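Encoded as structure tokens, the structure appears first; notes follow it.
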Amino acid sequence: MLEKRGEEYFIPVLKLQKSSPLQTITYELLKPFGCSAAQAEQVVQLLNSAPGKYLSTATHRIYRDRKWLIITPQQTDLSTHFIIAEEQETVLMPGARITLQHLDAAGVKPPTDATIACLDAKHIKFPLLLRRWKKGDYFYPLGMQKKKKVSRFFIDQKLSIPQKENAWVLECGKKIVWIVGMRIDDRFKLTPQTQRLLRLEWQPA
Numbered sequence: 026m027l028e029k030r031g032e033e034y035f036i037p038v039l040k041l042q043k044s045s046p047l048q049t050i051t052y053e054l055l056k057p058f059g060c061s062a063a064q065a066e067q068v069v070q071l072l073n074s075a076p077g078k079y080l081s082t083a084t085h086r087i088y089r090d091r092k093w094l095i096i097t098p099q100q101t102d103l104s105t106h107f108i109i110a111e112e113q114e115t116v117l118m119p120g121a122r123i124t125l126q127h128l129d130a131a132g133v134k135p136p137t138d139a140t141i142a143c144l145d146a147k148h149i150k151f152p153l154l155l156r157r158w159k160k161g162d163y164f165y166p167l168g169m170q171k172k173k174k175v176s177r178f179f180i181d182q183k184l185s186i187p188q189k190e191n192a193w194v195l196e197c198g199k200k201i202v203w204i205v206g207m208r209i210d211d212r213f214k215l216t217p218q219t220q221r222l223l224r225l226e227w228q229p230a
């Protein structure tokens, strides 16, 4: 019934709803995640609620997604931002790392993998700021000439609540240049005139 993906566990809602005795099975499934017997009853109610609802145990959060219950650890890492110097090669962040390289742009094609960002070095001013996204953030998604709120971008990408909560942005001069692991800002993309680039790669731990 439990499917592990990284630090998160997924339980299919329909499969759990058909289980019997429902509350007992729910409690046994969630007991290792700090769920009490009383909370197991609340989880059963969560199965019939709208996506986006959640409850917290002592150690985890249990979210109602569209087709899944998602169990994610409570955030214990208080780091919310990192300052990146020009000479830095690696940034260790919660659950992942980012590597940085300064390269000649000759012959380099824009990457198709969203975990890699290639930015025109001409527009990059250090230090950079790596931080959690916040309400009101916006950027110009690659391929678009209009700005979009980061929150709207996440909705369009159909991200779950845990995915939104764990999202990071890279900032340069108060402009977001990269939604880490997802999309770069169009203003910092490579062009035929680009001579030097900054290559960043996001790697889950």
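Per our numbering: the sequence shown = residues 26 to 230. For each residue, glycine too, the CB sits at the ideal point set by N, CA and C. The structure displayed is predicted, hence computed values, not measured ones.
Exposed unless 16 or more other CB atoms sit within 10 angstroms - verdict on residue i
i: ASP145; result: buried
i: PHE213; result: buried
i: SER185; result: buried
i: PRO187; result: buried
i: ASP181; result: exposed
i: GLU112; result: exposed
i: HIS3; result: There is simply no residue 3 to check, as the chain begins at 26 and stops at 230 in what is shown.
Through-space distance from residue j to residue i, alpha-carbon basis
i: GLN42; j: GLU28; result: 16 Å
i: ARG30; j: PRO119; result: 16 Å
i: ALA230; j: ILE96; result: 19 Å
i: PRO76; j: ILE201; result: 29 Å
i: PRO98; j: ARG157; result: 17 Å
i: GLU196; j: MET26; result: 40 Å
i: SER318; j: ILE87; result: One cannot answer for residue 318 here, as it falls past the ends of the chain, which runs 26 to 230.
i: GLN170; j: ILE149; result: 19 Å
Chain-order list of residues whose beta-carbon lies under 7 Å from that of residue i (same chain, five-residue window excluded)
i: GLY206; result: ALA139, THR140 and TRP227
Inter-residue CB distance, residue i and residue j (contact presumed, cutoff 8 Å)
i: ARG208; j: ALA130; result: The pair is not a contact, with the Cβ atoms about 20 Å apart (cut-off 8 Å).
Quick one: complete alpha helix (DSSP H) runs, 4+ long, within the stretch 57-108? 62-71
Starting from the N-terminal side, write out each stretch of the alpha helix (DSSP H) that is 4 residues or longer and does not extend beyond the stretch 128-196. 175-181 and 186-190
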